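Quick mapping for you: the protein sequence lines, in order, are chains Y and A. Quick note on the numbering used here: the first sequence kicks off at 34 and runs consecutively. Quick note on the numbering used here: the second sequence kicks off at 50 and runs consecutively. All C-beta atoms in this analysis are idealised placements derived from N, C-alpha and C, irrespective of residue type, glycine included. Here the structure is a predicted model, which means the values were calculated and not measured.
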Amino acid sequence: QKEVEQDPGPLSVPEGAIVSLNCTYSNSAFQYFMWYRQYSRKGPELLMYTYSSGNKEDGRFTAQVDKSSKYISLFIRDSQPSDSATYLCAMRLQGAQKLVFGQGTRLTINP
Amino acid sequence: GAGVSQSPRYKVAKRGQDVALRCDPISGHVSLFWYQQALGQGPEFLTYFQNEAQLDKSGLPSDRFFAERPEGSVSTLKIQRTQQEDSAVYLCASRLGGRETQYFGPGTRLLVL
Numbered sequence: 034q035k036e037v038e039q040d041p042g043p044l045s046v047p048e049g050a051i052v053s054l055n056c057t058y059s060n061s062a063f064q065y066f067m068w069y070r071q072y073s074r075k076g077p078e079l080l081m082y083t084y085s086s087g088n089k090e091d092g093r094f095t096a097q098v099d100k101s102s103k104y105i106s107l108f109i110r111d112s113q114p115s116d117s118a119t120y121l122c123a124m125r126l127q128g129a130q131k132l133v134f135g136q137g138t139r140l141t142i143n144p
Numbered sequence: 050g051a052g053v054s055q056s057p058r059y060k061v062a063k064r065g066q067d068v069a070l071r072c073d074p075i076s077g078h079v080s081l082f083w084y085q086q087a088l089g090q091g092p093e094f095l096t097y098f099q100n101e102a103q104l105d106k107s108g109l110p111s112d113r114f115f116a117e118r119p120e121g122s123v124s125t126l127k128i129q130r131t132q133q134e135d136s137a138v139y140l141c142a143s144r145l146g147g148r149e150t151q152y153f154g155p156g157t158r159l160l161v162l
């Protein structure tokens with residue numbers, strides 16, 4: 034079993050829909066949680082970063098961390114075709130440098 | 050400003066050949082990471098440098114993989130005697146000291162035949 038589990042999808046939704054992306058993890062020591070977006074043939078780019086539990090909002094994006102359930106989520110409001118990409122969750126231990134990624138969820142927003 | 054650049058962007062190697070992949074990090078970024086991304090998977094950590102010091106190489110899959118960053122800037126990932134299972138995208142990322150964000154390059158797509 035992988036440390037970080039993420040449904041690979043694919044997920045296809047109409048433009049304007051609310052998208053919910055999720056990851057579960059097994060190591061309760063993870064403290065730093067990120068969401069990356071990766072377009073085809075490109076490197077990942079950081080979307081959201083959260084330390085420990087709680088919510089964080091940035092424009093149309095909201096990240097949630099529930100450490101008690103070992104579950105993190107990314108919500109995208111008013112989704113746009115330009116949001117079509119693979120979304121990767123990643124996490125890091127306190128004091129460690131490396132990121133542990135989920136498999137990625139491939140998302141398509143249909144106009 | 051310029052982002053992380055990697056070269057070559059594509060590499061085809063015959064099984065058994067040695068390859069060298071280059072990463073030019075963002076100027077001034079102290080930390081440098083290498084990740085391996087298999088098709089349909091998330092990136093997997095290979096190794097981490099702080100300046101020229103390789104502080105973590107726990108993710109290197111075998112002794113055929115070797116990375117260096119001799120002057121604390123450009124880094125090279127070398128794979129000796131390539132195998133088909135080495136086929137993947139190799140991503141480099143750099144990070145400014147004390148910050149969380151890792152900035153990724155576009156990757157080198159390696160295909161071993």
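If only complete runs of 3 or more residues are kept, the segment 95-150 of chain A shows the beta strand (DSSP E) at 102-105, 114-117, 124-128, 137-144, in order along the chain. When the beta-carbon positions are compared, Y120 (chain Y) and N55 (chain Y) stay at least 8 Å from each other. For the set A:S76, A:I75, A:L81, the Cα lying nearest the Cα of L95 (chain A) is the one of A:L81.
Only residues of its own chain outside the window of five on either side were considered, and among them V98 have a CB closer than 7 Å to the CB of G87 (chain Y), listed in chain order. Under the Cβ distance rule, G135 (chain Y) counts among the residues neighbouring chain A, one pair being separated by less than 8 Å. Proximity of chain Y to D105 (chain A) at the Cβ level (cut-off 7 Å) is accounted for by Q130, K131, in chain order. Chain-order list of chain Y residues neighbouring E149 (chain A): Y65, M67, L79, Y82, Y84, R125, by C-beta distance under 9 Å. Annotation: L140 (chain Y) has no Cβ neighbours in chain A at a cutoff of 8 Å; minimum Cβ distance is about 14 Å. Residues of chain A whose Cβ lies closer than 8 Å to the Cβ of P41 (chain Y) are, in chain order, G89.
The Cβ atoms of A69 (chain A) and K106 (chain A) lie no closer than 8 Å to each other. Distance from the CA atom of P74 (chain A) to the CA atom of F134 (chain Y), rounded to whole angstroms, is 21 Å. Between the C-alpha atoms of Y152 (chain A) and G65 (chain A) there is a straight-line separation of about 32 Å.
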